[in-house]
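Novice: These protein sequences, in sequence, are chains C and W. Residue 139 in our numbering sits at position 139 of the first sequence; the count goes up by one each step and never skips. Residue 200 in our numbering sits at position 200 of the second sequence; the count goes up by one each step and never skips. Even for Gly, the Cβ is constructed at its ideal location relative to N, Cα and C. As the structure is a prediction and not an experimental result, all values here were calculated from the model.
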Amino acid sequence: MKIAVASGKGGTGKTTVATNLAQMAAADGRAVAYLDCDVEEPNGHLFLKPTITRQQSINKLLPLVDLDRCTFCGRCSQVCRYGAIACVNKQVLIFAELCHSCGGCLLACPAGAIREVPKPIGELRLGTAGPIQFIEGRLNVGEAMSPPAIRAVKAASTKADLMILDCPPGTSCPVIESVRGSDLVLLVTEPTPFGLHDLKLAVEMVRALKLPLAVVVNRCDIGDDQVRQYCLSQRISILAEIADDWAVAKAYSRGQLACVAVPSFADHIRALLKRLQNGAAR
Amino acid sequence: MKELVVISGKGGTGKTSVVAALATLAGRCVLADCDVDAADLHLIFEPKVIHREDFTGGSKARIKPGHCTACGKCEELCRFGAIYFNGPGNGRVSRTFRVETTACEGCGVCVDFCAENAIEFAPAVCGQWFISETRCGPMVHAKLGIAAENSGKLVTQVRRTAGQIAQDQGLELVLCDGSPGIGCPVIASLTGASLALFVVEPTVSGVHDFYRVAQLAARLDVPGLLAVNKADLNEEVADQLEATAVKHGIVMAGRIPYDRAVTQAQIARRSVVEVSDGPAATAIRSVWNIVNAQLQKSSATTISGLVQLIPITS
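(1) Check whether the stretch 262-274 of chain W touches the stretch 238-252 of chain W, taking contact to mean three or more Cβ pairs, one atom from each stretch, closer than 8 Å.
(2) Check for me: the alpha helix (DSSP H) holding residue 45 of chain W runs from which residue to which?
(3) Can you name the residues of chain W whose CB is closer than 8 Å to the CB of residue 9 of chain C?
(4) Where does residue 48 of chain W sit, in a helix, a strand or coil, going by DSSP?
(5) Going along chain C in order, which residues have a C-beta closer than 9 Å to the C-beta of residue 244 of chain W?
(6) At what residue ranges does the stretch 73-140 of chain W contain a whole run of the beta strand (DSSP E), taking only runs of 3 or more?
(7) Rounded to a whole number of angstroms, what is the C-alpha to C-alpha distance between residue 15 of chain W and residue 40 of chain W?
(8) Mapping DSSP to helix, strand and coil, what is residue 61 of chain W?
(9) In terms of residue numbering, what span does the alpha helix (DSSP H) encompassing residue 212 of chain W cover?
(10) Could you check the C-alpha separation between residue 248 of chain C and residue 41 of chain C for me, to the nearest Å?
(11) Using a Cβ-Cβ cut-off of less than 7 Å, give me the residues of the stretch 197-225 of chain W that come near chain C, in sequence order.
(12) For the beta strand (DSSP E) containing residue 57 of chain C, name the first residue and the last one.
(13) Under 9 Å Cβ-Cβ, which residues of chain C neighbour residue 179 of chain W?
(14) Could you tell me the alpha carbon to alpha carbon distance between residue 262 of chain W and residue 17 of chain W, rounded to whole angstroms?
(15) So the candidates are W:37, W:96, W:49; which of them puts its Cα closest to the Cα of residue 126 of chain W?
(16) Alpha carbon to alpha carbon, how far is residue 156 of chain W from residue 99 of chain W? Give it in angstroms, no decimals.
(17) From residue 232 of chain W to residue 246 of chain C, what does the alpha carbon distance come to, in whole angstroms?
(18) Taking 7 Å as the cut-off, decide whether the C-beta atoms of residue 81 of chain C and residue 108 of chain W are in contact.
(19) With distances taken between CB atoms, is the gap from residue 153 of chain C to residue 135 of chain C smaller than 7 Å?
(20) Closest by CA to residue 56 of chain C, which one among C:253, C:140, C:43?
(21) Rounded to whole angstroms, what's the CA-CA distance from residue 151 of chain C to residue 35 of chain C? Just pull it up for me.
(22) Is the beta carbon of residue 212 of chain W sitting closer than 7 Å to the one on residue 9 of chain W?
(23) What residues in the stretch 103-121 of chain W have a beta carbon less than 8 Å from any beta carbon of chain C?
(24) According to DSSP, is residue 39 of chain C helix, strand or coil?
(25) Would you give the residue range spanned by the alpha helix (DSSP H) that residue 142 of chain C belongs to?
(26) Tell me, please, whether the stretch 113-124 of chain C touches the stretch 54-73 of chain C by the rule of three or more beta-carbon pairs shorter than 8 Å.
(27) To the nearest angstrom, report how far apart residue 170 of chain C and residue 13 of chain W are at their CA atoms.
(28) At a CB-CB cut-off below 8 Å, which residues of chain C make contact with residue 234 of chain W?
(29) Based on Cα-Cα distance, which residue from C:261, C:269, C:25, C:84 lies nearest to residue 240 of chain C?
(30) What are the boundary residues of the beta strand (DSSP E) that includes residue 287 of chain C?
(31) Mind pulling the alpha helix (DSSP H) runs of 4 or more residues that sit fully within the stretch 200-243 of chain C?
(32) With H, G and I counted as helix, E and B as strand and the rest as coil, what does DSSP make of residue 160 of chain C?
(33) For residue 293 of chain C, decide whether its Cβ has a neighbour in chain W, counting only Cβ atoms nearer than 7 Å.
(34) If you check the beta carbons only, do residue 62 of chain C and residue 99 of chain C fall under 7 Å apart?
(35) Can a CB atom of chain W be found closer than 7 Å to the CB of residue 204 of chain C?
(36) Tell me where the alpha helix (DSSP H) around residue 14 of chain C begins and ends.
Given below as structure tokens:
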């Protein structure tokens, strides 16, 4: 089973839920893989403290022009929808940050003067955190496009009974890339106007992708009742409601797994796991 | 005219709450919500929309079902896995290819190489942006379409419009609410800004993510200030955070303690300084004085590149 832990709003507790779920499912003897798809700001490693056994570069393909063969016909820049390749004054300029690696210029070049070369945009780190298989993508600072790095993370996972994908916040391309193909999207939110507003956006996004979803309300006692009302009206299952707890926040601030540091938190995660196994989500 | 971008790396550290409070304290300024895929600032300022416009990013491919011969060339060439073979038949073939719009990146390769010219390529509306009036001044904000892309371009549109309004109305400050992460919307928010205010929580992940976004600001030559939010959560981490930041040329703007009044204000659709004189409101007033002083300076110190990550001991 592939569970994507996402949220519209940032800082609602995605990483907390994802890492603790991984930890407790593994303690139950299940084969668990944790995939950190938040490649812009990967945080799972701070809590799972994995031993990294393999590191490899994540590349994106960029066109390279053989100027001896190039006739400077300009066909490549005509077909590029991103303005990533320009042919001017017997020169071909490539703007790496704009290139989506679609391969269009290469296909369009009548002289066969273009080939593709890999350019590192980040790093894939694989290892183990106790019994948990750990996979993390890490985008280099300054790189704009995270989807290729997210694809690399998802492609690296091997077989596991339970795969937990820790997703980036928001509702746009990086999130879509992360949740695509999962069996359930678990949306972590908090009962505040910001939490509710961004939850609604996230629900619309998940529904547009036609994926099953369920909600976890974190810090369920800090705000109002609107999130619960919304979920009820939309027939969305709330699989856990976790009270605000200074001890959990303290443990988090130090990089400690809350299920280890705070027993009552472990109870919440255990119950959540059970509900996930029973397929309570729609 | 100066442009202040509030940013954090990690999500949910309090950017929007801080922006709302600073906007109240700054007097009339232009607000720009650059978190276009989960915009929340409008929930506090209840903007009255005076202008709205569709935002067209790139184009999206669409296979005309009647023209598809199911040769499979498009699927073979698409690098984004956006073509699937599950469309209805059309008299010539029993099944046709279709484009999964949410996966299409608009490269047009399938369009260019379809032997039957069976693929349309039309500009897709991927969001809307608005100019509004609020109790603190004009506000430019946007809503990215569901499962749409091109958020970086939409951010640029929001910022450009906000800058234009500031110039037209002779306003001194554009206050931008940034998005989490370090990718394209964040690069679009920071590039060319006068000053960044990092709102950071004293947690291992808050610090880790702050270092990455601060490195980005350093590369883009944007000087920065640091406000530690929920500072009492872990004083030890807060101390280390502050020391590291100052060492790299980031100006300390203050520490904001955890205060339930911040959430209460949000529920009341107000900024915390509008409804509270408590610890968070008091701290943010002092943060504003420091930020404002820094904005008045002609040249602020640039961040000297936080290249080395300093591990935080727990």
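Specialist: This is what the structure holds:
(1) Contact fails: fewer than three Cβ-Cβ distances are below 8 Å.
(2) For this step, residue 45 of chain W is matched to residue 45 along the second sequence. 41-45 is the extent of the alpha helix (DSSP H) around residue 45 of chain W.
(3) Translated into positions along the first sequence, residue 9 of chain C becomes position 9. The answer, in chain order, is 11, 12, 38, 40.
(4) Here residue 48 of chain W corresponds to residue number 48 of the second sequence, with the count starting at 1. Per DSSP, reduced to three states, the secondary structure at residue 48 of chain W is strand.
(5) In the second sequence, residue 244 of chain W corresponds to position 244, counting from 1. Scanning chain C for C-beta atoms nearer than 9 Å to the C-beta of residue 244 of chain W yields nothing, as the closest lies near 16 Å away.
(6) Correct list: 83-87, 96-99, 119-134.
(7) Position 15 of the second sequence, counted from the start, is the residue given in the question as residue 15 of chain W. Position 40 of the second sequence, counted from the start, is the residue given in the question as residue 40 of chain W. Computed Cα separation, rounded: 10 Å.
(8) Counted from its first residue, the second sequence places residue 61 of chain W at position 61. In this structure, residue 61 of chain W counts as strand in the three-state DSSP scheme.
(9) By 1-based counting over the second sequence, the position of residue 212 of chain W is 212. Counting along the chain, the alpha helix (DSSP H) containing residue 212 of chain W begins and ends at 204-219.
(10) Taking the first sequence and counting its residues from 1, the one referred to as residue 248 of chain C is at position 248. Taking the first sequence and counting its residues from 1, the one referred to as residue 41 of chain C is at position 41. Rounded to whole angstroms, residue 248 of chain C to residue 41 of chain C spans 21 Å at the Cα level.
(11) Within the stretch 197-225 of chain W, the qualifying residues are 202, 203, 204, 205, 208, 209, 212, 215, 216, 219.
(12) Looking up residue 57 of chain C in the first sequence gives position 57. Segment 51-65, the beta strand (DSSP E) holding residue 57 of chain C.
(13) Position 179 of the second sequence, counting from 1, holds the residue named residue 179 of chain W. Under the 9 Å cutoff, chain C gives 10, 169, 170.
(14) As a working mapping, residue 262 of chain W is identified with position 262 in the second sequence. As a working mapping, residue 17 of chain W is identified with position 17 in the second sequence. Rounded to the nearest angstrom, the two C-alpha atoms are 7 Å apart.
(15) On the second sequence, position 126 is the one that residue 126 of chain W refers to. Among W:37, W:96, W:49, the Cα nearest to that of residue 126 of chain W belongs to W:37.
(16) Here residue 99 of chain W is taken as the residue at index 99 of the second sequence, counted from 1. Here residue 156 of chain W is taken as the residue at index 156 of the second sequence, counted from 1. Distance between the alpha carbons of residue 99 of chain W and residue 156 of chain W: 28 Å.
(17) Taking the first residue of the second sequence as position 1, residue 232 of chain W is located at position 232. Taking the first residue of the first sequence as position 1, residue 246 of chain C is located at position 246. The alpha-carbon atoms of residue 232 of chain W and residue 246 of chain C are separated by roughly 11 Å.
(18) Walking along the first sequence from the start, residue 81 of chain C turns up at place 81. Walking along the second sequence from the start, residue 108 of chain W turns up at place 108. Result yes, Cβ atoms of residue 81 of chain C and residue 108 of chain W sit closer than 7 Å.
(19) Position 153 of the first sequence, counted from the start, is the residue given in the question as residue 153 of chain C. Position 135 of the first sequence, counted from the start, is the residue given in the question as residue 135 of chain C. Yes, these two residues count as a Cβ contact at 7 Å.
(20) The residue given as residue 56 of chain C occupies position 56 in the first sequence. The residue with the shortest Cα to Cα distance from residue 56 of chain C is C:140.
(21) Walking along the first sequence from the start, residue 151 of chain C turns up at place 151. Walking along the first sequence from the start, residue 35 of chain C turns up at place 35. Cα-Cα distance, rounded: 11 Å.
(22) One-based indexing of the second sequence puts residue 212 of chain W at position 212. One-based indexing of the second sequence puts residue 9 of chain W at position 9. Yes, the Cβ-Cβ distance between residue 212 of chain W and residue 9 of chain W is below 7 Å.
(23) Cβ contacts with chain C: 103, 105, 106, 107, 108, 109, 112, 113.
(24) As a first step, residue 39 of chain C must be located in the first sequence, where it is residue number 39. Correct three-state label for residue 39 of chain C: coil.
(25) Position 142 of the first sequence, counting from 1, holds the residue named residue 142 of chain C. No alpha helix (DSSP H) contains residue 142 of chain C, which DSSP labels as neither H nor E.
(26) Here the stretch 113-124 of chain C lies against the stretch 54-73 of chain C, with 3 or more beta-carbon pairs under 8 Å apart.
(27) In the first sequence, counting from the first residue as 1, residue 170 of chain C sits at position 170. In the second sequence, counting from the first residue as 1, residue 13 of chain W sits at position 13. For residue 170 of chain C and residue 13 of chain W, the distance between alpha carbons rounds to 14 Å.
(28) The sequence position of residue 234 of chain W within the second sequence is 234, counting from 1. Within 8 Å Cβ-Cβ: 250, 253, 254.
(29) Within the first sequence, residue 240 of chain C is the residue found at index 240, counting from 1. Measuring C-alpha to C-alpha distances from residue 240 of chain C to each of C:261, C:269, C:25, C:84 identifies C:269 as the nearest.
(30) The structure shown does not extend to residue 287 of chain C, since chain C is modelled only from 1 to 282, so the question has no answer here.
(31) The qualifying runs are 226-233.
(32) The count along the first sequence starts at 1 and reaches residue 160 of chain C at position 160. Residue 160 of chain C: coil per DSSP, three-state reduction.
(33) With chain C running from 1 to 282 in the structure shown, residue 293 of chain C is simply not present.
(34) Taking the first residue of the first sequence as position 1, residue 62 of chain C is located at position 62. Taking the first residue of the first sequence as position 1, residue 99 of chain C is located at position 99. With respect to the 7 Å criterion, residue 62 of chain C and residue 99 of chain C are classified as neighbours on the basis of their beta carbons.
(35) Taking the first residue of the first sequence as position 1, residue 204 of chain C is located at position 204. Put simply, the CB of residue 204 of chain C is near chain W, with a gap under 7 Å to one of its CB atoms.
(36) Translated into positions along the first sequence, residue 14 of chain C becomes position 14. Counted as a single uninterrupted DSSP element, the alpha helix (DSSP H) harbouring residue 14 of chain C occupies residues 14-27.
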